[in-house]
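The numbers in this note's numbering rise by one with no breaks, and the one at position 95 of the sequence shown is 153. Virtual Cβ for every residue (Gly too), placed ideally from N, Cα, C. A quick note: this is a predicted structure, and the numbers were derived from the prediction, not measured.
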Amino acid sequence: MPLSLHLRFIFLQVMAPLGAGSAIYLILRTGYFELPVKSKLIPFYSSFIYSIPDGLWLYALFNTLWMVWGYCPTFGLKTWVGFSLFGAITTEILQLLNIIYGTYDPIDIGAYLIAFFIFKVSNNISLINK
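Now the structure itself:
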């Protein structure tokens, strides 16, 4: 992959999701910035500020793994992506069972699955080797 395309990929598929997720987290969740009419301005406001950042961060991780494995859908890539997705979902389940500290949110699991689906489709990755 030419350097300019590689840098564009890093910015759009890794840095932008990390930045967007971090901005949502830092600006809207820390209390430094309050939207005056939360529910009317952004539909699903709670899901937006609590689940979307997690999905964006996981999407950035998937794309970082895609880069590390040379933009090739190898068994190693699929294994690491699978472990990452499994780990994220397992963390939510362990929160539900009060085994680890945190608040279980099924919408987080939905955000993880959407991140995986968008990663898979945008990079044209088949889960089954042909």
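Within the same chain, Pro75, Ala173, Ile176 and Phe177 come within 7 Å of Tyr117 by CB-CB distance, once the 5 residues on both sides are set aside. For Tyr83, no alpha helix (DSSP H) run applies, since DSSP gives it neither H nor E. About 5 Å separates the Cβ atoms of Asn121 and Val72, confirming a contact at the 8 Å cut-off. Nearest in C-alpha terms to Asp163, of all of Leu119, Ser109, Gly128 and Tyr83, is Ser109. Following the DSSP letters along the chain, one finds Tyr108 inside the alpha helix (DSSP H) bounded by residues Tyr103 to Tyr108.
The alpha carbon of Asn182 has as its nearest neighbour, out of Trp124, Thr148 and Gln153, the alpha carbon of Trp124. In this structure Trp115 does not touch Gly168 by the C-beta definition: roughly 15 Å separates them, more than the 8 Å allowed. With a cutoff of 7 Å on beta-carbon distance, Leu86 and Ile107 are scored as near each other. Within the same chain, Cβ atoms closer than 7 Å to the Cβ of Gly134 are found at Trp127, the five residues on either side in sequence being excluded.
For a cut-off of 8 Å, the C-beta gap from Ser142 to Leu119 is around 6 Å, short enough to register as a contact.
Rounded to the nearest whole angstrom, the C-alpha separation of Ile82 and Asp166 is 15 Å. Between Tyr129 and Ala146, the CB-CB gap reaches or exceeds 7 Å.
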